[in-house]
Every structure is written in structure tokens, then in C-alpha cells.
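Undergrad: Here it is, the structure, as C-alpha cells.
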Amino acid sequence: MENRRPALLLLGGLTVAWNQRWLDAARARGLDLLVLDAPTPHADTLLAGRDTPGHPLDRVADADLIEPDDHAALADRAAAWAQAYDIRGLCCLREEYVEGAAVVADLLGVRSPGLRAARVCRNKHLQRRYLADWSPDSALVPAAGRAEAVAAWDGFPLVVKPVGRLASSGVRLVADRRALLDSLTAYGPEETLLFERRAEGPEYSVESLSLHGEVHYLGTTGKRTTEVTSDYFVEMGHTTPAPDLDEPTLERLYAVHRAVLDRLAFDTGMAHAEYRIGSDGRIALIEIAARPPGDSIMALHWLATLAPLEDAVVAVALGERPHPARPQRYARQVYLPHEPGVLTDLVVRPALATEPQWFDPAEVRAQVADCAAPGDPSALRCVVALKPAGTHLAPVRQSGDRAAMFVVDAATPGALDEIERRCLAAIALRTRD
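And the structure:
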């Protein structure tokens with residue numbers, strides 16, 4: 043027991059395959075990495091090279107593949123590792139592992155958001171009940187009670203959310219009772235739904251870092267969604283920091299976020315919450331997660347602040363006071379629109395001097411590999427096809443329907459808009475019927 047090597051445990055940890063900044067944070071502290079993730083066709087391939095010196099995953103001392111809802115197996119694996127390693131902290135990198143990570147942290151006696159925060163953040167309905175002061179009106183609709191719920195609901199437009207799904211899957215705006223009845227055919231007969239009064243206004247996320255209940259970092263990300271052109275709410279763009287928030291509005295948003303964290307008894311870790319700000323100034327909570335954000339938002343914070351936020355997340359997990367940097371630039375991720383059909387190519391004109399990447403879930407490869415200095419010119423950081431050629435592309439109705447994206451950064455919001463325009467004119471997804 044005295045010779046145990048210090049280690050950091052990552053749940054949902056195969057995220058490090060395309061974001062090696064987690065590896066860098068562990069390496070800088072001399073920590074081995076222990077990884078828990080789900081069994082998938084690609085997991086074994088990703089881990090196969092980790093015993094080779096110089097391999098990107100050579101800091102992964104051990105790994106196991108366990109389903110995220112098998113909390114007993116996760117706890118047993120962590121307890122066994124704790125006999126051989128001095129596990130000094132853990133980070134949860136995937137939504138599905140949030141509750142399991144809190145259980146493991148409680149077992150090992152290391153820091154986490156806490157069992158209440160984890161449980162509530164994993165359940166859309168519990169969020170509405172615990173966080174009612176900041177939430178739109180809502181009603182839980184069990185599968186057997188849909189007809190009664192439709193008859194009783196009197197606030198339109200409303201948003202329908204399936205409680206058991208992730209991200210934007212199945213989230214839909216309906217305008218009236220007839221449309222509501224029609225929309226219900228898209229949900230499984232056993233699915234529990236949430237009816238919510240639509241929260242108006244632009245959407246923003248707040249990313250925060252807490253240590254023992256004290257907030258040490260707050261950042262914002264502006265959102266674009268498909269709601270402009272459809273009845274769905276798929277995120278198609280992120281901008282960090284949000285350039286259109288004035289200081290008084292930002293302070294009010296942060297005050298709401300702090301109050302939400304307090305209600306959750308959020309202890310240690312990263313939170314990612316989404317809000318809408320109405321024309322009357324009301325701030326409505328859309329949802330909150332007890333984990334780092336998805337998509338490329340962590341990379342956007344890196345490009346904006348010039349320092350990896352992953353290092354600060356690891357710091358609080360270890361009980362260290364973090365020193366995250368403030369934004370010095372602006373960064374944006376843009377998902378490309380597409381015509382439904384079979385994906386044939388992702389074309390990038392030579393003027394952009396960037397080759398497209400074709401994302402391979404079995405490949406260890408950073409999507410965003412470089413960061414600027416404060417005064418550097420605007421830059422295109424990557425262009426990535428998220429699906430292989432030959433994939434049939436459906437209309438974008440959930441996050442998994444998105445097919446390609448690019449990431450840019452610039453010194454000013456105006457320069458960021460300009461490089462986005464140039465990229466949109468020079469990048470195209472090609473499909474055929």
C-alpha cells in the first residue's frame with residue numbers, strides 16, 4: 043500500500059482519444075491515468091497501443107470497459123484499483139457516467155459534485171422540481187397519461203422532452219394542441235415525457251468550476267440552434283465567450299447560476315448549464331449537467347483563454363485551487379448544414395490551406411491541436427467530417443444527425459464573423475440521393 047503510484051480516474055475517459063489536454067494535465071502532475079468507459083466496437087482498438095512508449099495513451103496505466111449504469115461494477119473496479127493506486131481524484135467526462143462517478147467518488151472519499159447534484163443533473167424532471175425557481179412551467183407525463191396531459195395543458199407553444207434521452211434527442215417545439223397530439227406518435231409507447239412552457243430568448247451556456255462549494259471560474263458560450271428553421275433545438279454553433287452579453291446581464295446570469303449550484307449543493311467539479319434570457323430580462327434554466335461540456339466547447343475555452351481549462355478541472359478534482367485564465371480571444375464552432383442523402387465528400391477549397399479530417403472513433407487524434415497567441419491573426423483550426431463517406435444523412439433533428447463542423451478563432455467578434463463567412467463559402471458537404 044505504501045508504494046502505490048498516484049493516479050487520476052477518468053469515467054467516460056476515452057474522450058482523451060480526441061482531447062489529449064486531459065492527458066497533459068495528468069502528465070504535468072506525474073499521475074497515472076485509470077480509465078473507465080463503455081464497451082464499444084472501437085474501445086479495444088483505442089486502448090491497444092497504450093503499452094507502447096510514446097503512444098498518446100501511454101499514461102493510461104489501466105482501463106476497463108463497464109456500462110455506465112452498472113454502478114456496482116464501477117464501484118468494484120474502482121475499489122480494486124485503489125488497492126494498487128493512490129487515486130487522488132476523479133473526473134467524469136461523459137453524461138452517462140455522472141451518477142456512477144459520484145457513487146465511486148463517495149466510495150473512495152475523493153471530491154465530486156456530490157450525490158444530490160449528480161442525481162438531479164441526470165434527470166430532467168428532478169431538475170424542474172429542485173430548480174423550480176429558475177425553470178419554465180412543466181409537467182411530467184407518464185406513458186399511460188398522455189391523453190389526460192394533452193387535455194390539461196393550456197400553455198402554448200410548448201416544448202416536449204423525452205426524459206430518458208440525452209442531449210437534443212426528441213426535443214421538439216409544438217405550437218398548439220393539434221400539433222401536440224400529432225407529435226406524440228414520434229415517441230415510444232413506454233417513454234415518459236416532459237411538457238414545458240417554451241422559454242423565450244437567445245440561449246447561452248455557463249461553464250463553471252467549483253472547489254468545496256466555492257465557484258472559481260465562470261465562462262459563457264453563445265448558442266445557435268435549428269429552432270430558427272425547424273421545430274427542433276439542435277445546437278449548430280457555439281461562441282466562447284458569448285460576445286453579445288453586456289456586463290450587467292452577465293452578472294445577473296452568473297448570479298442565477300451560482301444560486302442553481304447552491305440549490306444542488308454542488309461541491310467540486312465542473313458544471314455546464316444552459317439558459318435563455320427573455321426580452322423581459324428573465325433568465326430561465328434549460329438544463330444543467332454535472333460534467334464538462336460536449337461538442338468542442340472545451341477547445342473553445344482553450345482557444346479563447348490560451349490556457350487549457352482541462353488543467354483547471356483536474357486541479358479541482360485533486361483539491362488544488364485552480365487558476366483558470368480569462369478570455370483574450372474569441373472562438374467558434376460551426377456545424378455545417380447539409381442536404382439529406384448519402385454523404386459523398388467534404389470539400390475544402392485550397393484557399394483555406396486546411397485538409398479535412400474524417401473522424402474515426404477508433405483513432406487517437408486531436409481535433410483541435412494548436413492554440414494562438416493573443417495578437418495572432420484569425421485562424422481555422424480544423425474541419426472535421428463526423429461521419430464516414432457513404433453514410434445516409436437525415437434531416438438534423440438531434441445532435442447525432444450533424445455531419446461536419448469547423449472551429450475558428452480570432453482577436454475580435456468582427457474578425458471571428460469574417461473568418462466564419464470565408465469558411466462557409468469555402469467548405470461544403472456533398473451528398474447524393
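Numbered according to the numbering used here, the sequence shown spans residues 43 to 475.
Ideal Cβ positions, reconstructed from N, Cα and C, are used throughout, including at glycine.
Could you check whether Ile330 and His280 sit closer than 7 Å to each other, using their CB atoms as the reference points?
TA: Your numbering for residue 280 matches position 238 in the sequence shown. Your numbering for residue 330 matches position 288 in the sequence shown. Contact: no.
Undergrad: In this structure, how does DSSP classify Pro392 when only helix, strand and coil are distinguished?
TA: As a working mapping, residue 392 is identified with position 350 in the sequence shown. Looking at Pro392 - three-state DSSP - the assignment turns out to be helix.
Undergrad: State buried or exposed for Ala415, treating a residue as buried only when at least 16 other CB atoms are found within 10 Å of its CB.
TA: For the purposes of this step, residue 415 is taken as residue 373 along the sequence shown, with counting starting at 1. Ala415 should be labelled exposed.
Undergrad: What residues in its chain sit with their C-beta under 8 Å from that of Thr227, if we drop five residues either side in the sequence?
TA: Your numbering for residue 227 matches position 185 in the sequence shown. So the list is empty, once near-sequence residues are dropped.
Undergrad: Exposed or buried, Gly320, counting other C-beta atoms within 10 Å across all chains shown (16 or more means buried)?
TA: Mapped onto the sequence shown, residue 320 falls at position 278. With fewer than 16 Cβ atoms within 10 Å of its Cβ, Gly320 is classed as exposed.
Undergrad: With distance defined between alpha-carbon atoms, name the residue in Cys133, Ala181, Leu208 nearest to Trp195.
TA: Stepping through the sequence shown from its first residue, residue 195 is reached at position 153. That would be Ala181, whose Cα lies nearest to the Cα of Trp195.
Undergrad: Helix, strand or coil for Leu292 per DSSP?
TA: In the sequence shown, the residue the question calls residue 292 occupies position 250. Residue state, collapsed to three classes: helix.
Undergrad: Could you compute how far the alpha carbon of Leu107 sits from the alpha carbon of Gly55?
TA: Here residue 107 refers to the residue found at position 65 when the sequence shown is read from its first residue. Here residue 55 refers to the residue found at position 13 when the sequence shown is read from its first residue. Straight-line Cα distance between these residues: approximately 10 Å.
Undergrad: Apply the 10 Å Cβ neighbour rule to Trp60 and answer buried if 16 or more other Cβ atoms are within range, or exposed otherwise.
TA: On the sequence shown, residue 60 is found 18 positions in, with the first residue counted as 1. So Trp60 ends up on the buried side.
Undergrad: Going by C-alpha distance, which of Gly91, Cys134, Pro392 is nearest Ala356?
TA: Counted from its first residue, the sequence shown places residue 356 at position 314. In the sequence as presented, Ala is not what sits at residue 356; that position holds Val. Residue Cys134 is the option with its Cα nearest to Val356.
Undergrad: So, for Thr94: in the same chain, excluding its five sequence neighbours on each side, which residues have a beta-carbon less than 8 Å away from its beta-carbon?
TA: For the purposes of this step, residue 94 is taken as the residue at position 52 of the sequence shown. So the list reads Asp100, once near-sequence residues are dropped.
Undergrad: According to the Cβ coordinates, are Ser247 and Thr263 closer than 7 Å?
TA: In the sequence shown, residue 247 corresponds to position 205, counting from 1. In the sequence shown, residue 263 corresponds to position 221, counting from 1. For Ser247 and Thr263, yes; Cβs fall inside 7 Å.
Undergrad: Use the C-beta contact count for Pro392: other C-beta atoms within 10 angstroms, 16 or more gives buried, fewer gives exposed.
TA: Taking the first residue of the sequence shown as 1, we reach residue 392 at position 350. Per the 10 Å Cβ criterion, exposed.
Undergrad: So Gly264 is in the beta strand (DSSP E); what residue range does that whole segment cover?
TA: Taking the sequence shown and counting its residues from 1, one reaches residue 264 at position 222. Where Gly264 is concerned, the enclosing beta strand (DSSP E) stretches over 256–267.
Undergrad: May I ask you to list the residues that DSSP assigns as paired with Tyr274?
TA: Reading the sequence shown from its first residue, position 232 is the one you call residue 274. Answer is Arg214, bridged to Tyr274.
Undergrad: Which one or two residues does DSSP pair with Arg220 in a beta bridge?
TA: Numbered from its first residue, the sequence shown carries residue 220 at position 178. Beta-bridge pairing links Arg220 to no other residue.
Undergrad: Taking just the CA atoms, how far does Glu405 sit from Ile129?
TA: Numbered from its first residue, the sequence shown carries residue 129 at position 87. Numbered from its first residue, the sequence shown carries residue 405 at position 363. Taking the straight line from one Cα to the other gives about 27 Å.
Undergrad: For the region 146–155 and the region 304–319, state whether three or more C-beta atom pairs, one from each stretch, are separated by less than 8 Å.
TA: They touch, by the three-pair rule.
Undergrad: For Arg472, which beta-bridge partners are listed by DSSP?
TA: As a first step, residue 472 is located in the sequence shown; it is residue number 430 there, counting from the start. For Arg472, which the question treats as bridged, DSSP gives the partners Asp387.
Undergrad: DSSP beta-bridge partners for Phe448?
TA: Locating residue 448 in the sequence shown gives position 406, counting from the first residue. BP columns for Phe448 point to Val376, Val425.
Undergrad: Report the residue from Leu466, Ala436, Arg324 whose alpha carbon sits nearest the alpha carbon of Arg374.
TA: Sequence index remark: in the sequence shown, residue 374 carries index 332 (1-based). If we check each option's Cα against that of Arg374, Leu466 comes out closest.
Undergrad: When DSSP labels each residue in this structure, what does Asp106 get in the three-state scheme?
TA: Mapped onto the sequence shown, residue 106 falls at position 64. Here Asp106 sits in strand by DSSP.
Undergrad: Is the beta carbon of Ala480 sitting closer than 7 Å to the one on Ala446?
TA: No answer is possible for residue 480: the residues shown for the chain start at 43 and end at 475.
Undergrad: Return the first residue and the last residue of the beta strand (DSSP E) that Cys26 is part of.
TA: Residue 26 falls outside the range modelled here, since the chain spans only 43 to 475, and no answer is possible.
Undergrad: Checking 7 Å against the spacing of the C-beta atoms, do Ala411 and Arg371 come in under that value?
TA: What you label residue 411 is simply residue 369 of the sequence shown in a count that begins at 1. What you label residue 371 is simply residue 329 of the sequence shown in a count that begins at 1. The answer is no: Cβ separation not under 7 Å.
Undergrad: Return the bridge partner residues of Gly311 from the DSSP annotation.
TA: Stepping through the sequence shown from its first residue, residue 311 is reached at position 269. DSSP output for Gly311 lists Ser252 as bridge partner(s).
Undergrad: On the three-state DSSP scale, how would you describe Glu138?
TA: Here residue 138 is taken as the residue at index 96 of the sequence shown, counted from 1. Three-state result, Glu138: helix.
Undergrad: Under 8 Å: do the region 197–207 and the region 224–243 share three or more Cβ pairs, one atom per stretch?
TA: Judged by Cβ distances under 8 Å, the region 197–207 makes contact with the region 224–243, as three or more pairs qualify.
Undergrad: Beta-carbon separation of Val425 and Pro398 under 7 Å?
TA: Stepping through the sequence shown from its first residue, residue 425 is reached at position 383. Stepping through the sequence shown from its first residue, residue 398 is reached at position 356. Going by C-beta atoms, Val425 is nearer than 7 Å to Pro398.
Undergrad: Kindly give me the distance between the Cβ atoms of Gly432 and Leu385, rounded to whole angstroms, as I take these residues to be in contact under 8 Å.
TA: By 1-based counting over the sequence shown, the position of residue 432 is 390. By 1-based counting over the sequence shown, the position of residue 385 is 343. With 8 Å as the limit, Gly432 and Leu385 qualify as a contact, their Cβ atoms being about 7 Å apart.
Undergrad: Would Ala185 be called buried (16 or more neighbouring beta carbons within 10 Å of its own) or exposed?
TA: The count along the sequence shown starts at 1 and reaches residue 185 at position 143. So Ala185 counts as exposed.
Undergrad: Below 8 Å, how does it come out for the region 203–218 and the region 273–288: are there three or more Cβ pairs, yes or no?
TA: The region 203–218 is in contact with the region 273–288.
Undergrad: Measuring alpha carbon to alpha carbon, tell me which residue in Leu223, Ala67, Thr57, Gln62 is nearest Ala49.
TA: Residue mapping note: residue 49 aligns to position 7 of the sequence shown, counting from 1. The option with the nearest alpha carbon to Ala49 is Ala67.
Undergrad: Going along the chain, which residues of its own chain have a beta-carbon closer than 8 Å to the beta-carbon of Arg161, five neighbours each way excluded?
TA: Here residue 161 is taken as the residue at index 119 of the sequence shown, counted from 1. Once the five neighbours on either side are set aside, the close Cβ partners of Arg161 are Glu141, Ala144, Leu168.
Undergrad: Does the Cβ-Cβ distance between Leu173 and Val302 come in under 7 Å?
TA: Taking the sequence shown and counting its residues from 1, one reaches residue 173 at position 131. Taking the sequence shown and counting its residues from 1, one reaches residue 302 at position 260. The answer is yes: Cβ separation under 7 Å.
Undergrad: Have a look at the DSSP bridge pairing and note the partners of Thr281.
TA: Here residue 281 is taken as the residue at index 239 of the sequence shown, counted from 1. For Thr281, which the question treats as bridged, DSSP gives the partners Gly264, Arg374.
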